[in-house]
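Presented below is the structure to which this report refers.
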Amino acid sequence: METVTLNNGHNMPNIGLGLYLMSDRIECIQAVNAALEAGYRLFDTAQAYHNEEFLGDGLMASDIPREEVFITTKIAVDNFAPHLLVPSFKQSLDNLQADMVDLLLLHFPVTDLRQEAWRALEKIYHSGRAAAIGVSNYTVRHLEELLETADVTPAVNQVELHVYLQQPELLAYCQSHDIAVEAYSPLAHAHGLDQSVLESVARKYGKTPAQIMIRWCLEVGAIPLPKSVNPRRIRENIDVFDFSLDAADMSDLAALDRELHTSWDPTQVA
Ligand code: A2P
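Count the sequence shown with this note's numbering and you get residues 185 to 454, in order.
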């Protein structure tokens, strides 16, 4: 498994399984199991997904040592208030059957509470219960505000990123500030997989359109977090390290950008 080194020196695998919408316990545990077998070592959950416990069970049931697995969770928007954040994180650790997580994120730039919530995350980071901390769904504006006051620079900004929502300014900003970008919904929730440019690039490499979308994330320097509960697709989605997209492919794929937000759109958040 290839890794990226975060701005605090902690290593993170450069692809992971997104657990968004995995609400069935057995299905989630089976997906975690299939992913571990396929070579995934990064698992991305959140308080709001209500499946931290299933991830914990899935990891406990496997032979892979805990220290080889990178766990991310996120503080839900309802838990940003100071009296709720730390207790909710303790509950997350219990759910995950873990003493610490590798990466803890603020799930969304909640207007009135995000700065205070970041200070709470910094305290958790200094306590050693999160090896790295970061944010999710932050735009450049939210990051600028955060960097003005933060003691700890976020290690990661996890955002919706795919060929239909390419966000070049945000990527450039994060890269210039040494903030790793994780791509959630790299498959745009499976929208547009039958698009003709994707299909023709896929044919060129003997790959699927989904694999081209995931590879595109790697080419722009992001860490893709495709979600699947299907063992065959879980294997397919990590089988993207034996080819790369050339400049002509990237230029063809650049033309697909159309600001498609398939879930949250944080651009209007004050
Ligand atoms: P499933 O879980 O049944 O595999 P995203 O990660 O962009 O949010 O996309 C997740 C959606 O894409 C889910 O509906 C998932 O369904 C589907 N999906 C995941 N991998 C693939 C793939 N390789 N080909 C087609 N659809 C996929």
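C-beta atoms are modelled at their ideal positions from N, C-alpha and C, and glycine is treated no differently.
Pairing Glu236 with Thr257 gives a Cβ-Cβ distance under 7 Å. DSSP places Asn195 within a strand segment (E or B) once states are collapsed to three. Per DSSP, reduced to three states, the secondary structure at Val188 is strand. Only residues of its own chain outside the window of five on either side were considered, and among them Gln281 have a CB closer than 7 Å to the CB of Met244, listed in chain order. Setting aside the 5 residues that flank it on each side, Val424 is surrounded in the same chain by Gln395, Ile398 and Arg399, each with a C-beta closer than 6 Å to its C-beta; the list follows chain order.
Counting only runs of at least 4 residues, the region 335-360 fully encloses the following alpha helix (DSSP H) elements, listed from N- to C-terminal order: 352-360.
In this structure, the straight-line span from the alpha carbon of Val319 to that of Val381 is close to 32 Å. Here the residues close to ligand 1, judged by CB distance below 5 Å to any of its heavy atoms, are Ser369, Leu371, His373, Ala374, Ala394, Pro410, Lys411, Ser412, Val413, Asn414, Arg417 and Glu420 in chain order. Within the model, the alpha-carbon separation for Glu328 versus Thr451 is close to 14 Å.
The criterion of a C-beta distance shorter than 7 Å is not satisfied by Val385 and Glu366. With 16 or more other Cβ atoms from the protein chains shown falling within 10 Å of its own Cβ, Glu344 counts as buried.
Between Leu239 and Glu332, the alpha-carbon positions lie close to 35 Å from each other. Between the alpha carbons of Glu251 and Leu226 lies a gap of roughly 11 Å. Relative to the Cα of Leu190, the nearest Cα in the group Asp286, Asp208, Pro271 and Ala222 belongs to Asp286.
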